[in-house]
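Asks:
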Amino acid sequence: MDDVGDRLRKVREMHGLSQRKLAKLSGISNATISQVEHGKSNISLGVLKQILEAIPMSISEFFTLEFSSIDKVFYTSDELVETGTGDISYRQVGTNLSKHKLQMLIERYPAGADTGRSMFKHEGEEAGIIMEGIVEFTVGDKTKILRPGDAYLFDSRLPHRVRNVGKKDCVFISACTPPSF
């Protein structure tokens with residue numbers, strides 16, 4: 571139980587709660603929560619259960635929750651992971667998407683590049699905003715040319731493809747939930 575205090579702090583922060591707010595919600599004093607988080611006091615399972623009910627979270631979930639993906643919050647540009655192949659670049663935020671419900675990418679398509687004649691389909695939703703260049707999006711039976719500042723949002727179960735129809739790179743920020751690759 572050495573890591574209970576650190577675990578409690580991470581869970582509290584993950585839920586956007588201050589020590590005072592958690593104390594108020596749980597009926598446990600702010601001083602007790604602070605002492606436990608700083609490793610200055612042990613906590614009984616009964617008190618821990620009372621605190622976790624305010625979040626809400628079970629004791630089982632509390633002790634089995636993995637924090638590696640939660641600990642990493644900010645990423646520098648050089649920490650984005652290249653997942654694309656060929657000419658198209660997909661720079662992904664984060665590495666272990668099995669622990670997340672959202673995938674964020676910076677997509678870069680050189681002039682003339684496209685995702686191919688075969689249209690993609692997968693579970694989820696996609697959204698994005700064009701930052702540079704001109705891109706042609708086809709979703710189902712709809713095709714649209716998008717320019718910087720334009721955006722898209724669609725059900726990914728619909729067949730879709732992307733093609734850069736401009737003379738320079740097209741760059742957009744996209745999100746997909748759940749992660750698709």
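Under the working numbering, the first residue of the sequence shown is numbered 571, with each subsequent residue one higher. Beta carbons are placed, not taken as given, at the ideal position from N, Cα and C, and that holds for glycine. Nothing here was measured: the structure is a model prediction, and the numbers come from that model.
Who are the Cβ neighbours of residue 663 in its own chain at under 7 Å, not counting the five residues just before and after it?
Replies: Around residue 663: 645, 650, 674.
Asks: When we look at the beta-carbon of residue 715 and count the other beta-carbons within 10 Å, is it buried (16 or more) or exposed?
Replies: Flag for residue 715 reads exposed.
Asks: Per DSSP, what kind of secondary structure is residue 636 in: helix, strand or coil?
Replies: Note: residue 636 maps to coil in three-state DSSP.
Asks: Between residue 582 and residue 634, what straight-line distance do the alpha-carbon atoms span, to the nearest angstrom?
Replies: So the two alpha carbons sit approximately 15 Å from each other.
Asks: Thinking just about the alpha-carbon of each residue, which of 743, 731, 696, 729 is nearest to the one in residue 718?
Replies: Ranking 743, 731, 696, 729 by Cα distance to residue 718 puts 743 first.
Asks: Among residues of its own chain, excluding the 5 on either side of residue 589, which ones have a beta-carbon nearer than 6 Å to its beta-carbon?
Replies: Cβ within range, chain order: 600, 603, 604.
Asks: Determine the extent of the alpha helix (DSSP H) in which residue 593 is found, giving its start and end residues.
Replies: Its alpha helix (DSSP H) spans residues 589 to 596.
Asks: Near residue 658, what residues of its chain come up, given a Cβ to Cβ distance below 6 Å and the 5 sequence neighbours on each side ignored?
Replies: Answer for residue 658: 679, 683, listed in chain order.
Asks: According to DSSP, simplified to helix, strand and coil, what is residue 601?
Replies: Correct three-state label for residue 601: helix.
Asks: With H, G and I counted as helix, E and B as strand and the rest as coil, what does DSSP make of residue 750?
Replies: Residue 750: coil per DSSP, three-state reduction.
Asks: Taking all protein chains shown into account, do 16 or more other C-beta atoms lie within 10 angstroms of the C-beta of residue 733, making it buried, or fewer, making it exposed?
Replies: By the 10 Å Cβ count, residue 733 comes out buried.
Asks: Short of 7 Å in beta carbon distance, which residues of its chain neighbour residue 737, apart from the five on each side in sequence? Order them along the chain.
Replies: Excluding residues within five positions, the ones whose Cβ falls inside 7 Å are 681.
Asks: Would the beta-carbon of residue 725 fall within 9 Å of that of residue 698?
Replies: For residue 725 and residue 698, no; Cβs fall outside 9 Å.
Asks: Buried or exposed: residue 578, going by 16 or more other Cβ atoms within 10 Å of its Cβ?
Replies: With 16 or more other Cβ atoms within 10 Å, it is buried.
Asks: Rounded to whole angstroms, what is the Cα-Cα separation between residue 713 and residue 654?
Replies: If you take the alpha carbons of residue 713 and residue 654, they lie about 24 Å apart.
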